[in-house]
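For reference, the structure discussed in these notes is given below.
Numbering (full-length UniProt numbering), first residue to last: 1 to 345.
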């Protein structure tokens, strides 16, 4: 198996480099000049043809430049950043960005305005400033380390960050947000898993969007992390032309459980400039949730939510089964049967 760094070095960064059976388009030059492209050989090998669900996530589209609906910074992260690369939106937790690089530049990325570009400057100094900010704010009990993808850092650099954060007395929980188990699973080495194990309680939120992304390689990566005692959740994004189908989502949720990854969130696509063509209606998402709730194990049911534009935070969008409220609650179950509950307490 090729070393993960070699695979990353051999990534495709321009549409003209796509193999002959995956048709490239010279007009995409303008897209790539604004929103960088990176597809590593592993993920490229999972793609079957132009327009398939994995192609749509990875290959630039002219539609990215025709978006007049969405916003550059939909979650208002820049205005919620007290120091560079720390987003403090919620009272007791922060998002800490430690790298600008990803194993693949997803076309629907919330931070596509700057991930992989000169617009995202991360240095030892900015990382040190972020750690100092967390230390100076004891109300912060939960730190989500993200980027870019933190697992693209060398083991030593990542451990330096984890060690510094874990040494802060007020920090109870460390989370890592990473798509590497899906997009470059060979990065998850035995050595990496052993290092991460030293910083419990530590959680990893990973990101699979389609059943075809669950392969022997990604399964092994998740096994190594799970065997290191790291609980894993999946934050799936609902994407038009990728997974906006109840059958596809159910298969994905079931496969995630077989590799010991708990379906955590199903996110409505963020309103990020250049991603409007991926967005579905909220009713589409609710229909998908209705196809899951009661029809499969609760373990396989994520929380359907939107991260509200403007920095409003995550808001549940789950289907409503209650018909009447009062002393007697009247609701409809997953089969359409009317049920009652006595609320007289």
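All C-beta atoms in this analysis are idealised placements derived from N, C-alpha and C, irrespective of residue type, glycine included.
Residue i versus residue j - alpha carbon distance
i           : j           : result
residue 281 : residue 30  : 29 angstroms
residue 152 : residue 146 : 11 angstroms
residue 181 : residue 228 : 14 angstroms
residue 293 : residue 262 : 15 angstroms
residue 156 : residue 176 : 16 angstroms
residue 89  : residue 223 : 32 angstroms
residue 183 : residue 97  : 19 angstroms
residue 236 : residue 267 : 6 angstroms
residue 87  : residue 313 : 12 angstroms
residue 296 : residue 19  : 40 angstroms
residue 84  : residue 71  : 20 angstroms
residue 130 : residue 285 : 36 angstroms
residue 164 : residue 192 : 17 angstroms
residue 343 : residue 323 : 14 angstroms
residue 338 : residue 328 : 12 angstroms
residue 36  : residue 251 : 31 angstroms
Within 8 angstroms, strictly: CB atoms of residue i and residue j
i           : j           : result
residue 219 : residue 259 : yes
residue 28  : residue 60  : yes
residue 38  : residue 81  : no
residue 34  : residue 75  : no
residue 332 : residue 341 : no
residue 116 : residue 102 : yes
residue 7   : residue 186 : yes
residue 243 : residue 209 : yes
residue 336 : residue 112 : no
residue 100 : residue 127 : no
residue 178 : residue 150 : yes
residue 108 : residue 63  : no
residue 196 : residue 161 : no
residue 168 : residue 124 : no
residue 42  : residue 217 : yes
residue 308 : residue 265 : no
Distance between beta carbons of residue j and residue i, contact taken as under 8 angstroms
i           : j           : result
residue 141 : residue 92  : 5 angstroms
residue 316 : residue 303 : 6 angstroms
residue 395 : residue 206 : Nothing in the structure corresponds to residue 395, since the chain is present only between 1 and 345.
residue 173 : residue 133 : Contact flag wrong, Cβ pair sits at about 17 angstroms.
Short CB-CB distance (under 8 angstroms) between residue i and chain D
i           : result
residue 230 : In the displayed structure, chain D is absent; only one protein chain is listed.
Where the beta strand (DSSP E) through residue i begins and ends
i           : result
residue 206 : 202-206
residue 182 : Segment 180-183 is the alpha helix (DSSP H) holding residue 182; no beta strand (DSSP E) there.
residue 86  : 86-90
residue 261 : That residue, residue 261, is in no beta strand (DSSP E); it is neither H nor E in DSSP.
residue 34  : Unbroken run through residue 34 is the alpha helix (DSSP H), 29-34; no beta strand (DSSP E).
residue 234 : 232-238
residue 175 : 173-177
Residue i - containing alpha helix (DSSP H), residue span
i           : result
residue 224 : 216-227
residue 9   : 4-9
residue 254 : 246-258
residue 346 : It is not possible to answer for residue 346, since the shown part of the chain is limited to 1 through 345.
residue 196 : 190-196
residue 342 : Careful: residue 342 lies outside any alpha helix (DSSP H), inside the beta strand (DSSP E) at 338-342.
residue 273 : Here residue 273 belongs to no alpha helix (DSSP H), and DSSP marks it neither H nor E.
Which ranges would you report for the beta strand (DSSP E) in the segment 289-329 if only whole runs of at least 3 residues count?
-> As far as the segment 289-329 is concerned, its whole beta strand (DSSP E) runs of at least 3 residues are 303-308, 313-316 and 322-324.
Every unbroken alpha helix (DSSP H) within the segment 93-163, with a cutoff of 4 residues, ordered by chain | Runs found: 124-135.
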